[in-house]
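S.K.:
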Amino acid sequence: MVTSWPRNLAGPGVSARRLAERITRMSGGRLEVEVFAAGEIVPALSVFDAVSTGVAEMAHTASFYWIGKLPASIFFTTAPFGLDPTEHQAWIFQGGGQELWDELYAPFGLKGFLAGNTGPSMGGWFRSEVKSLA
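The working numbering puts the sequence shown at residues -14 to 119.
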């Protein structure tokens, strides 16, 4: 599994390792997932293409990285002013989100799954540059 993170990055890096361990445990050892940090096989922002072309079998990443390739991919990850984790999971699992995700990734031979949620990214809209917190 190629990732977009350093190996021990708090949050995503650790989550990728835990996911690999769970897959191995849940498969009774039939599937062994080796985790490769960003840059060990492919650069962090090349994992989508690496899996799509068969260089890697799976990836742990965030779909907002693919917004230039697939603008709708932002809806399958955290986004400024987006859904909270509970709302996001409800939309993916019960509101048709997974079906849309499948349709979006199908031309690339990929299947997306939720594998963590950091909550909505922070954001703001301002008329001028923020230069201090005062």
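Ideal Cβ positions, reconstructed from N, Cα and C, are used throughout, including at glycine.
Buried or exposed for Leu4, going by 16 or more other Cβ atoms inside 10 Å?
M.R.: Looking at its Cβ environment, which holds 16 or more other Cβ atoms inside 10 Å, Leu4 is buried.
S.K.: Assign Pro28 to buried or exposed, taking buried as 16 or more other Cβ atoms, counted over all protein chains shown, within 10 Å of its Cβ.
M.R.: Exposed, by the Cβ-count rule.
S.K.: Would you kindly work out how many angstroms separate the C-alpha atoms of Ser113 and Arg10, rounded to a whole number?
M.R.: Looking at the two C-alpha atoms, the distance is approximately 52 Å.
S.K.: Contact criterion: CB-CB distance below 7 Å. Does Thr46 meet it with respect to chain D?
M.R.: Absence of chain D from the displayed structure is noted, only one protein chain being present.
S.K.: Measure the C-alpha to C-alpha separation of Pro56 and Arg15 and round it to an integer number of angstroms.
M.R.: Looking at the two C-alpha atoms, the distance is approximately 36 Å.
S.K.: Quick one: Cα of Met43 to Cα of Val36, how far?
M.R.: Approximately 6 Å, taken between the alpha carbons.
S.K.: Evaluate Leu89 with the Cβ neighbour count: other Cβ atoms within 10 Å of its Cβ, from every protein chain shown; 16 or more gives buried, anything less gives exposed.
M.R.: Its Cβ being crowded by 16 or more others within 10 Å, Leu89 is buried.
S.K.: Just reading off the alpha helix (DSSP H) that Glu17 is part of, what are its end residues?
M.R.: Neither: Glu17 is in no alpha helix (DSSP H) and is coded neither H nor E.
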